[in-house]
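Below: one structure, written as structure tokens.
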Amino acid sequence: MISFADMVLIGLTGGVATGKSTVAKMFQRCGAVIIDADELAREVVQPDKPAWREIVRRFGISVLNSDKTINRQALGRMVFDNRTKLRQLERIIHPRVAREQARLTRQAAREDPHAVVVYDVPLLFEAGIDKRVDKVVVVSADQESQISRLKRRDRLPRAEALRRIRSQMPLSTKRRRADYVLDGTKKPRSLAKSVRRLFTHFQSF
157 MISFADMVLI GLTGGVATGK STVAKMFQRC GAVIIDADEL AREVVQPDKP AWREIVRRFG
217 ISVLNSDKTI NRQALGRMVF DNRTKLRQLE RIIHPRVARE QARLTRQAAR EDPHAVVVYD
277 VPLLFEAGID KRVDKVVVVS ADQESQISRL KRRDRLPRAE ALRRIRSQMP LSTKRRRADY
337 VLDGTKKPRS LAKSVRRLFT HFQSF
């Protein structure tokens, strides 16, 4: 756990298409500092950075776009059903993302010792990040809502949507391990009210 004065570090996670990104934006509107793990992961693999070089050396140039950026879809297909390759990729990316998250958290604490920092990270439990935050918020949704959102948002057939959902840690497990659970299928106004209530609670820590 990273501890700085009265700052509180919240881990925000959920499942695919549960509404996690929407909740993160709501926390931001409340005044929270948002650190986005996906954004950090994209930054650490920019062309010619150490992680980029290691990925190209290990997985080959077939994972590159014409502008030398990483083709996330191609790389994802390569590691999705191969646990060994997935672990190799995680060992390249996760430590660098963790260092950048820690740097940004320190920066937020310096700028506001009472800051509420929300670390938005899909693989929070899988990567052991729950041990490095003060509290965990899980955004949950029923499976049919997830499927409907994936079909609409990503234009996926039902079978592929289910495959993506089932490739992740079950939401039931995440809910059991969470300190707080938000229902990502609530109407926006109701969900925003729940987020504001939680934010006020975190400010009182």
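Under the numbering used here, the first residue of the sequence shown is numbered 157, with each subsequent residue one higher.
From the three backbone atoms N, C-alpha and C, an ideal C-beta is built for every residue, glycine too.
Using the C-alpha atoms, what's the distance from K291 back to F281? Cα to Cα, the separation comes out at about 12 Å.
For K291, which residues does DSSP report across the bridge?
DSSP, once it has assigned bridges, lists I166 as partnering K291.
* To do: Name the two residues that bound the continuous alpha helix (DSSP H) containing V253.
  => DSSP places V253 inside the alpha helix (DSSP H), whose first and last residues are 239-267.
Please confirm whether G340 and V274 have their CB atoms less than 7 Å apart. In this structure, G340 keeps its C-beta atom at 7 Å or more from the C-beta atom of V274.
Margin query: Going by beta-carbon coordinates alone, are V372 and A197 separated by less than 7 Å?
Written below: No information on residue 372 is available, as it lies outside the stretch 157 to 361 that the chain covers here.
State yes or no: is the C-beta of A271 within less than 7 Å of the C-beta of V189?
In this structure, the beta-carbon distance from A271 to V189 falls below 7 Å.
Which same chain residues end up closer than 6 Å to Q306 when comparing Cβ atoms and leaving out the 5 residues on each side of it in sequence?
For the record, residue 306 in the displayed sequence is Leu; it is not Gln. Cβ within range, chain order: A173, L312, A317.
message = I want to know whether the stretch 240-249 touches the stretch 209-216 - three or more CB-CB distances under 8 Å.
response = The answer is yes - the stretch 209-216 touches the stretch 240-249, with three or more Cβ pairs under 8 Å.
Near E256, what residues of its chain come up, given a Cβ to Cβ distance below 8 Å and the 5 sequence neighbours on each side ignored? For E256, where only same-chain residues beyond five positions count, the Cβ hits under 8 Å are L196, E199, V200.
Practice problem: Just mark K343 as buried or exposed, buried being the case when its beta carbon has 16 or more other beta carbons within 10 Å. | Solution: K343 comes out exposed.
(Q) Given this structure, state the Cα-to-Cα distance separating R352 from F215, to the nearest angstrom. (A) In a straight line, the C-alpha of R352 is about 44 Å away from that of F215.
Is the beta carbon of F355 closer than 7 Å to that of V164?
Not in contact: V164 and F355 (Cβ atoms no closer than 7 Å).
message = Given a cut-off of 7 Å on the beta-carbon distance, is the pair V289 and G187 in contact?
response = No, they are not a contact pair.
Quiz item: DSSP on V277, reduced to helix/strand/coil?
Solution: The three-state reading of DSSP puts V277 in coil, since its state is none of H, G, I, E or B.
For S323, three-class secondary structure by DSSP: Looking at S323 - three-state DSSP - the assignment turns out to be coil, as it is neither helix nor strand.
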